[in-house]
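Here's the structure we're looking at; comments come further down.
Structure follows, in structure tokens:
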């Protein structure tokens, strides 16, 4: 618990630090999906400074005087993260002319840990589609968003989220079967919460919607995607949209053979890029200088790995991909 509380504090502090990229504004939204038991979906939005801000009801709203439309990127954090986990990427993208919206996946965040929700993987793409609904009907934002240039980027379980929105279907029964295998037991025991196998065994597969694909979203990025154990060839060839997978050979949490490379092999429209060096899975988290010994797995990189440079490299790859795909 001490580690989780400390992580929350670190992410909160990082959200208050001055932006390294000066031409970016930021605002918060609270959305509630009443169709799913009043599910709260907190959302953080970063947008280019060229969109002037005006004060409205003690909160900043985007000025209606702006007529230029900007592409939108939706962000999905990893297991146990939060909407600030990919803030470094949000600022890079907003600095390059994108509006960026990052969500908290209820029950699967740093400060809201509900074990059952760590395996309710289908809730995550529903969160993204729900927030997209809200943004596109928001009177202050919709007119500034280019509705034809919508994309999503996700890390780890968020990487699965991105691929699910592209049309990748997870086989629930296959995932349950994986919990009995040696490889499955290894991959489904994660630092954020521990062993997930019993929780996965209790999933009611009939509860999962048949379709999670969102046809409005045109480009998809998955950073070290998870849950590759639950995918089969017969379900993956329906994806036609451009997909970029970014991964590392040093990833021991979502090993590339059963995750990133498997997704790439089963999705013909995908491209895969490997990070320089040999960084680990959590290199996509913020760079933190001071952390407790039990947080080493999240914030300590192998010798020779500069997390800031990895973030910059990743940002360049994503921007190039989105500019060519949208």
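Residue numbers (mature numbering (1 follows the signal peptide of the UniProt record, and there is no 0)): -19 to -1, 1 to 307.
Ideal placement from N, C-alpha and C gives every residue a C-beta, glycine not left out.
It should be emphasised that the depicted structure is a prediction, and the values quoted were computed from it without experimental measurement.
Which of helix, strand or coil DSSP assigns to residue 296: Three-state DSSP puts residue 296 in a helix.
What ranges does the beta strand (DSSP E) occupy inside the region 234 to 293, keeping only unbroken runs of at least 3 residues that lie completely in it? Counting only runs of 3 or more residues that sit fully inside the region 234 to 293, the beta strand (DSSP E) segments are 251 to 255, in chain order.
With a cut-off of 8 angstroms, do at least 3 Cβ pairs link the region 240 to 249 to the region 270 to 278? Of all C-beta pairs linking the region 240 to 249 to the region 270 to 278, fewer than three are shorter than 8 angstroms, placing the two stretches out of contact.
Using the C-alpha atoms, what's the distance from residue 128 back to residue 197? Using only the alpha carbons, I get a separation of about 8 angstroms.
Give every residue of the same chain whose Cβ lies closer than 6 angstroms to the Cβ of residue 26, excluding the five residues on either side of it in the sequence, and list them in chain order. Around residue 26: 8, 82.
Go ahead and pull the three-state DSSP assignment for residue 4. Here DSSP, grouped into helix, strand and coil, assigns residue 4 to coil.
Helix, strand or coil: which one does DSSP assign to residue 203? Assigned with DSSP and collapsed to three states, residue 203 falls in strand.
8 angstroms contact criterion, which residue 238 and residue 212 should meet: CB distance rounded: Between residue 238 and residue 212 the beta-carbon gap is near 13 angstroms, outside 8 angstroms, which marks them as no contact.
Could you check the C-alpha separation between residue 259 and residue 230 for me, to the nearest Å? For residue 259 and residue 230, the gap between their C-alpha atoms comes out near 6 angstroms.
In whole angstroms, give me the CA-to-CA distance for residue 65 and residue 181. Taking the straight line joining both Cα atoms gives about 27 angstroms.
Would you say the region 133 to 142 touches the region 203 to 210, given that touching needs at least three Cβ pairs under 8 angstroms? Under the Cβ criterion (8 angstroms, minimum of three pairs), the region 133 to 142 counts as touching the region 203 to 210.
Which of the three DSSP states is assigned to residue 69 in this structure? Residue state, collapsed to three classes: helix.
Residue 233 versus residue 48: straight-line alpha-carbon distance, rounded: Whole-angstrom Cα-Cα distance: 46 angstroms.
How would you label residue 109, buried or exposed, when you count the other beta carbons within 10 angstroms and need 16 or more for buried? Counting the other Cβ atoms within 10 Å of the Cβ of residue 109 gives 16 or more, which makes it buried.
Measure the C-alpha to C-alpha separation of residue 176 and residue 167 and round it to an integer number of angstroms. Looking at the backbone, the Cα of residue 176 and that of residue 167 are separated by about 9 angstroms.
Reduced DSSP secondary structure (H/G/I, E/B, other) of residue 303: In the structure shown, residue 303 sits in a helix (DSSP, three-state: H, G or I).
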